[in-house]
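Chemist: Residue numbers (this note's numbering), protein chains in the order written: chain A, 1 to 450; chain B, 1001 to 1450.
(1) Which same chain residues end up closer than 6 angstroms to residue 212(A) when comparing Cβ atoms and leaving out the 5 residues on each side of it in sequence?
(2) Residue 1341(B) by DSSP, collapsed to three states: which one?
(3) Thinking C-alpha only, which one of 420(A), 273(A), 400(A) and 104(A) is nearest residue 328(A)?
(4) I'd like to know whether the C-beta of residue 206(A) is nearer than 8 angstroms to at least one C-beta of chain B.
(5) May I ask you to list, following chain order, the residues of the segment 153-172 of chain A that have a beta carbon less than 8 angstroms from some beta carbon of chain B?
(6) Would you call residue 284(A) buried or exposed, if buried means 16 or more other Cβ atoms sit within 10 Å of its Cβ?
(7) Using Cβ-Cβ distances below 8 angstroms, what residues of the segment 1188-1218 of chain B are close to chain A?
(8) Thinking C-alpha only, which one of 1149(B), 1176(B), 1188(B) and 1199(B) is nearest residue 1168(B)?
(9) If the cut is a Cβ gap below 8 angstroms, which residues of chain A does residue 1431(B) touch?
(10) Cβ of residue 450(A) less than 8 angstroms from any chain B Cβ?
(11) Is residue 432(A) near the ligand ATP - that is, is its Cβ less than 7 angstroms away from at least one heavy atom of it?
(12) By the DSSP assignment, the alpha helix (DSSP H) with residue 247(A) in it spans what residues?
(13) Helix, strand or coil for residue 1450(B) per DSSP?
(14) What are the boundary residues of the alpha helix (DSSP H) that residue 182(A) is part of?
(15) What residues of chain B sit near residue 31(A), judged by a beta carbon separation below 7 angstroms?
(16) Is there a C-beta anywhere in chain B that falls below 8 angstroms from the one on residue 434(A)?
(17) State buried or exposed for residue 1136(B), treating a residue as buried only when at least 16 other CB atoms are found within 10 Å of its CB.
(18) Identify the contact partners of residue 225(A) in chain B, using a Cβ-Cβ distance below 9 angstroms as the criterion.
(19) I'd like to know whether the C-beta atoms of residue 1088(B) and residue 1062(B) end up nearer to each other than 8 angstroms.
(20) For a contact defined as C-beta to C-beta under 7 angstroms, what are the partners of residue 1385(B) on chain A?
(21) With 8 angstroms as the limit, tell me which residues of the segment 339-357 of chain A have their beta carbon closer than that to any beta carbon of chain B; keep them in chain order.
(22) 8 angstroms is my cut-off, CB to CB: does residue 1228(B) come that close to chain A?
(23) Could you name the residues of the same chain whose beta carbon sits closer than 6 angstroms to that of residue 1424(B), not counting the 5 residues immediately before and after it, in chain order?
(24) So is residue 1184(B) in contact with chain A if we call contact Cβ pairs under 8 angstroms?
(25) So with Cβ pairs under 8 angstroms, would you call residue 1069(B) a contact of chain A?
(26) Alpha carbon to alpha carbon, how far is residue 299(A) from residue 1308(B)?
(27) Going by C-alpha distance, which of 1402(B), 1124(B) and 1278(B) is nearest residue 1208(B)?
(28) Check each candidate in 57(A), 23(A), 132(A) and 279(A) and name the one with the smallest Cα separation from residue 90(A).
(29) When you compare the segment 257-275 of chain A with the segment 1263-1278 of chain B, are there three or more beta-carbon pairs, one atom per stretch, that lie closer than 8 angstroms?
(30) Looking at C-alpha atoms only, which residue of 1282(B), 1045(B) and 1008(B) is the closest neighbour of residue 363(A)?
(31) Can you check which of these residues, 1357(B), 1358(B) and 1390(B), is closest to residue 1373(B) by C-alpha distance?
(32) Any beta carbon of chain B sitting closer than 8 angstroms to that of residue 50(A)?
(33) By how many angstroms is the C-alpha of residue 349(A) removed from the C-alpha of residue 335(A)?
(34) Could you work out which residues of chain B lie near residue 330(A), taking near to mean beta carbons separated by less than 7 angstroms?
(35) Report the CB separation of residue 1190(B) from residue 1245(B) in whole angstroms; it is logged as a contact under 8 angstroms.
(36) Please report the distance separating the alpha-carbon of residue 1111(B) from that of residue 1100(B).
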């Protein structure tokens, strides 16, 4: 929705032209209505919400942020509330309940039918980030002796409540999953065809305890619109749809970004996370890395006499440290992302290492040459210092690439998250290596005692 | 597919038990067959490919990497080739052609019907990463005076070739998009209902030149399974399906990871990118950052006398630089990712800044206290040096958070990619600031002349 359009709606609300506002709202999408309602004060939010037709109101409700939902729940009657909750898809209702304050949750659960309540509670009990926690229980379940015509009749009758009707699951009496049939296949076959002759019995499925990231990978790999979730006894309990999986993919990528920048992952969007929570997520790794970099400091102390004799040596420390850190981060980022996408396996370690060493030689050579030219111009006559810096630079880049590509793979082998072996950690390690090489070289080439 | 299972298939191929192999292959998914075929040598690849039923062979072909496709194309007859190309969905065919060597492309295009060739050429001409380049032309197009029954008949007749049939588009004679109707809606309405009474006329659509990232955002926001693509005169030319968009999302996240680690984005997966290409992507930013960090070096030279007088000062440089860089990267990563997801807008700059300053104070305080305790134990008696280090640490963290959150937003305002203001760039800038503060403080507190 354009900002202009939103402005117009806000003006209508401001001037209390509710009839015109209602007409305008009916023309637009529920996502846009929700985005418009977020701009309203809490009193107007409820007024606008009440003017929407019931079905649309539920759709809009699912799109609102937790605060607005909570405010609406507190302002409407129990009857209105129960209608909304019953109309929400179970996974949307679960999402909502996870974010609302406990008193509001109690009121919501009080106003649902026992069936819905049971479903919601069941979902709330699955471990966080598991397939069970993101699945929905609304799917089309068919029997194998049904015909295409009977299936259509069943879908027509039961389908409106199902989040996706395009993939139907065939179960026996004990709800064991026997096959899968898409509406496309139903449409392409004659009305009298029995499902057992057209259903695909090789169903790709996941269990309730499967990690959501694995589910996303699977749906991605096989290009599925939805995937069935079964319990430990292979009984169908729910499905996961592609839109939930897209959210999971974004969340997982965000988590990797955060971890790779030395933060604990956060639950909420940045602007909704409290300052205290942000600080809490950031302090642990900063502390660890701060204390680790005292090792690098200790190395500097050890070579005190070297830079006391040739103070110019100190001025190249930032360049060596930064370039080493950056070169290492490049390699570790490529490897971490490659492993997250399943493009790189731990068994590829030698292939990766051989590649990075060659890249390190090329990159190191170019940087060394550029540096040598610059240094010879800037400090003519100090040839041996220039040679020291240039060789250290080359060695730093090659070492950084080697360390940067092996540590994330090592972490994976040890069942740790490779993302912790990203830029900050690699930088700290490479810094120490780089300065050791630099001052050792300086001592030898410039004929000094350490 | 389990490795075990793959092993079994490979053994069958090895022992030339092709009958058993074929039976086993018919039981599994096309994605898994392709993954199995990647392990075979090129001769066996063709043998296995030929034993697959025609429809399955095309599906498997679409999943194979470019090298295997190219090898198969070179080994099969023109008739076999033309059958495959005609059966592929146009967007898969385009994907394939973009990666094959020119001679192979010519052979492929020679063996397609003029219609398919025209379609493919049309797609190949849309700018890279545009909606046009990822769309497919196979969709279900209906007319508004058709009934539900007629629509089903049309879908049954034309639908098999359409990549997704679940969302149907209603067009006038000039192919202008008039509305959209889902198969779910068709199923829920009586057979004699006319489409114009049930179709949704507020179609969410994109133009051919729209950036693919914007398309992904849009489908994500509105939770669409597919989105129509129109040309500049609002005529329907294709659709983009959710599985293509999931690929786009992964690509875009990968690109951000690469840019944020100071690399030019690469086109291919890591293991398929040449060493030379990898080096070429990494050198430019390393050079820029290497030369920028000489500024930090120059600052060190300026304060030469300070660390000549108190050599211990040098040993805290790595800790200050690393902590500053890490603190700044944390902030910039949060802001860059927040903007990529549309959670943070440039207009939120003051909100973000106020948040980061408070976080900076909290984090800086904790790090300073821990540091103070450590230093007082390690260097008893050097109180003023400890105070200098601790105040510098606090100032560095606050400055790093401030710089880290404002620069990416600034880049966005200047229409630059915020991702370039990530860890490496922020680190270089914060390093210089941090050392300036440190040595200035040292000169004042320790009563030295700069």
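Don't be surprised by glycine CBs; every beta carbon is placed ideally from N, CA and C. For clarity, every value in this text was computed on a predicted model and none was experimentally measured.
Modeler: On the basis of the coordinates in this document:
(1) What you label residue 212(A) is simply residue 212 of the first chain in a count that begins at 1. So the qualifying residues of the chain are 129, 134 and 248.
(2) Position 341 of the second chain, counted from the start, is the residue given in the question as residue 1341(B). The answer is coil: DSSP assigns residue 1341(B) none of H, G, I, E or B.
(3) As a first step, residue 328(A) must be located in the first chain, where it is residue number 328. Of the candidates 420(A), 273(A), 400(A) and 104(A), the one whose C-alpha sits nearest the C-alpha of residue 328(A) is 400(A).
(4) Locating residue 206(A) in the first chain gives position 206, counting from the first residue. With respect to chain B, the C-beta atom of residue 206(A) has no partner C-beta closer than 8 angstroms.
(5) 155, 156, 159, 160, 165 and 166
(6) Indexing the first chain from 1 puts residue 284(A) at position 284. By the 10 Å Cβ count, residue 284(A) comes out exposed.
(7) 1188, 1202 and 1204
(8) Within the second chain, residue 1168(B) is the residue found at index 168, counting from 1. Of 1149(B), 1176(B), 1188(B) and 1199(B), the residue nearest in Cα terms is 1199(B).
(9) In the second chain, the residue the question calls residue 1431(B) occupies position 431. Residues of chain A passing the Cβ test: 318 and 322.
(10) Residue mapping note: residue 450(A) aligns to position 450 of the first chain, counting from 1. Any answer about residue 450(A) is weak, because its pLDDT of 46 lies below 50 and its placement is not dependable; what the coordinates show is given next. Cβ-Cβ to chain B under 8 angstroms: no for residue 450(A).
(11) Questions concerning the ligand ATP fall outside what the structure shown contains, since it holds no ligand whatsoever.
(12) Stepping through the first chain from its first residue, residue 247(A) is reached at position 247. Counting along the chain, the alpha helix (DSSP H) containing residue 247(A) begins and ends at 242-260.
(13) For the purposes of this step, residue 1450(B) is taken as residue 450 along the second chain, with counting starting at 1. Only weak support is given to the placement of residue 1450(B): the predicted model assigns it a pLDDT of 46, under 50, and the question is left unresolved by the model.
(14) In the first chain, counting from the first residue as 1, residue 182(A) sits at position 182. No alpha helix (DSSP H) holds residue 182(A); the beta strand (DSSP E) holding it covers 177-182.
(15) Taking the first chain and counting its residues from 1, one reaches residue 31(A) at position 31. Chain B residues near residue 31(A): 1221 and 1222.
(16) Within the first chain, residue 434(A) is the residue found at index 434, counting from 1. No, residue 434(A) does not count as interfacial toward chain B.
(17) One-based indexing of the second chain puts residue 1136(B) at position 136. Looking at its Cβ environment, which holds 16 or more other Cβ atoms inside 10 Å, residue 1136(B) is buried.
(18) Position 225 of the first chain holds residue 225(A). Residues of chain B passing the Cβ test: 1164, 1166, 1225, 1242 and 1243.
(19) Counting from one through the second chain, the residue named residue 1088(B) turns up at place 88. Counting from one through the second chain, the residue named residue 1062(B) turns up at place 62. Closer than 8 angstroms, so yes.
(20) Residue mapping note: residue 1385(B) aligns to position 385 of the second chain, counting from 1. Under the 7 angstroms cutoff, chain A gives no residues; its nearest Cβ is about 13 angstroms from residue 1385(B).
(21) Along the segment 339-357 of chain A, going in chain order, the ones with a CB nearer than 8 angstroms to a CB of chain B are 341, 343, 344, 348, 351, 352 and 355.
(22) In the second chain, counting from the first residue as 1, residue 1228(B) sits at position 228. Cβ-Cβ to chain A under 8 angstroms: no for residue 1228(B).
(23) As a first step, residue 1424(B) must be located in the second chain, where it is residue number 424. Contacts found: 1262 and 1289.
(24) Walking along the second chain from the start, residue 1184(B) turns up at place 184. Judged by the 8 angstroms Cβ criterion, residue 1184(B) is in contact with chain A.
(25) Locating residue 1069(B) in the second chain gives position 69, counting from the first residue. False, the Cβ-Cβ gap to chain A never drops below 8 angstroms.
(26) For this step, residue 299(A) is matched to residue 299 along the first chain. For this step, residue 1308(B) is matched to residue 308 along the second chain. Straight-line measurement puts the Cα of residue 1308(B) at about 17 angstroms from the Cα of residue 299(A).
(27) As a working note, residue 1208(B) is residue 208 in the second chain. Of 1402(B), 1124(B) and 1278(B), the residue nearest in Cα terms is 1124(B).
(28) Position 90 of the first chain, counted from the start, is the residue given in the question as residue 90(A). Measuring from the Cα of residue 90(A), the nearest candidate turns out to be 132(A).
(29) no
(30) Locating residue 363(A) in the first chain gives position 363, where the first residue counts as 1. If we check each option's Cα against that of residue 363(A), 1282(B) comes out closest.
(31) Translated into the one-based positions of the second chain, residue 1373(B) becomes position 373. Measuring from the Cα of residue 1373(B), the nearest candidate turns out to be 1390(B).
(32) Residue mapping note: residue 50(A) aligns to position 50 of the first chain, counting from 1. So, not an interface residue.
(33) Indexing the first chain from 1 puts residue 335(A) at position 335. Indexing the first chain from 1 puts residue 349(A) at position 349. Going by the C-alpha atoms only, they are around 10 angstroms apart.
(34) In the first chain, counting from the first residue as 1, residue 330(A) sits at position 330. The contacting residues are 1261, 1262, 1263 and 1282.
(35) Here residue 1190(B) refers to the residue found at position 190 when the second chain is read from its first residue. Here residue 1245(B) refers to the residue found at position 245 when the second chain is read from its first residue. The Cβ separation is near 34 angstroms, so there is no contact.
(36) The residue labelled residue 1111(B) in the question sits at position 111 within the second chain. The residue labelled residue 1100(B) in the question sits at position 100 within the second chain. Cα-Cα distance, rounded: 15 angstroms.
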